[in-house]
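The opening position of the sequence shown corresponds to residue 1 in UniProt numbering, with each subsequent residue numbered one higher.
Built from N, CA and C at the ideal position, the CB exists for glycine as well.
The model shown is predicted, which means the values in this text are computed figures rather than measured ones.
Notes to accompany the following structure.
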Amino acid sequence: MNTAQRTPTPEDLDTLSRQLGRPVRDVVEIGARCVCGNPLVATTAPRLGNGIPFPTTYYLTHPVITAAVSRLEAAGVMTEMTARLESDPELAAAYRRAHEEYLAARNEVGRRSGIGEVPEIAGVSAGGMPTRVKCLHVLVGHSLAAGPGVNPLGDEALEGIAEWWTADRCYCAGAWDVAGAAPARDLSRHTRTQGLPADELAAKKARRSGGKESSDAADADAADAVDPRTPGAAGGVES
Ligand SMILES: [Zn+2]
C-alpha cells in the first residue's frame, strides 16, 4: 500500500477499536485493508509508547479473519506446518526468508514512524518464525501486509480460510458492533470470558463483584492477557 493508504485516519482507529472491542494504542499504520477500505491488519510500533519493545508488528484485527484462522489453529494446522518445516528444506528456506522480510519490514515501520531501531528485538520476529509455527494469526497478518509470495505458511493459511474469507470480497457487514461510541476504555476482560463454561463464568462474575479494588486488578490482568502490544502476551488472537 502507498503512504496515504497506510496512514491511519481517526475513522480507521475507531474501526480498529470496534473490531477488537477495546481502544487501540501504538498503531502507526494500517497493514492491510478490505476491498471496502476498512482495516484488516493494524501495524503496531516496534516500541510502544511506554518504551517497551514490541516484536509483533502486524496484528490481524478483522473479526471474520481472526475467527477463521482460529478454526485452522483448532484443527491442528500449526503442528502439521511445523512438522513440514522439519522435513521440507525448501519450505524451511522460504519460511526463513519470510522471517528476514518481517524483520526488514519492521525496521521500515520503525524508520517511517520515527521510532528508529529497537535493538532489544533485533533478529526476533513473531509467530514462531523462523523455525516453528506458533501463531497463524501472526503469519496471516504478515501475508496480508506483505502480499502473496512472501510468507509461504501465511499464504497457505489464507488459502485454508477461503471458505470463510477471501481478499476479493467485503465481509465487514455485521462483523463488529457499529452502534454507539467506539470502546474508549479497555473492555478486553470480556474477551477473556469467551468460551468459559457457565459455572466458571459465574464464579468469575462473583469474584469481580467483590469490591472495586479487586475488579480493577482483574481489568489489568485481562488487558495483559489479550493486549497484542504487551510483549510476551500469549492470549487473545495471537495464541
Ligand atoms: Zn469491508
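Enumerate in chain order the residues of its own chain whose CB-to-CB distance from residue i is below 8 Å, with the five nearest sequence positions on each side excluded.
i, result
"P55", "P46, R106, I121, V124, S125, A126 and P231"
Helix, strand or coil: how does DSSP classify residue i here?
i, result
"T9", "coil"
"R47", "strand"
"G141", "helix"
"R112", "helix"
"Y95", "helix"
"A146", "helix"
"N107", "helix"
"G127", "coil"
"D14", "helix"
"R22", "coil"
With a threshold of 6 Å on Cβ separation, who are the neighbours of residue i within its own chain once the five nearest residues in sequence on each side are excluded?
i, result
"W164", "A68"
"M1", "none"
"A93", "none"
"P89", "none"
In chain order, what residues of the same chain lie with their CB nearer than 7 Å to the CB of residue i, ignoring the 5 residues before and after it?
i, result
"L153", "M81, Y95, V133 and L139"
"R169", "V35"
"L158", "V140 and S143"
Could you tell me which of the options sits nearest to residue i, measuring between CA atoms?
i, options, result
"C34", "G141, A184, A179 and D177", "G141"
"R6", "E108, M78 and R22", "E108"
"A181", "Y102, T15 and P8", "T15"
"Y58", "E117, H99 and G160", "H99"
Strictly by DSSP, which residues pair up with residue i?
i, result
"I121", "BP columns for I121 are empty, so no partner."
"A32", "V41"
"V27", "T44"
Report yes or no: is there a C-beta of chain B within less than 8 Å of the C-beta of residue i?
i, result
"W165", "No chain B appears in the structure shown, which is made up of a single protein chain."
### Query
Could you give the uninterrupted runs of the beta strand (DSSP E) lying entirely in the stretch 35–81, keeping only those of 3 residues or more?
39–44 and 58–60
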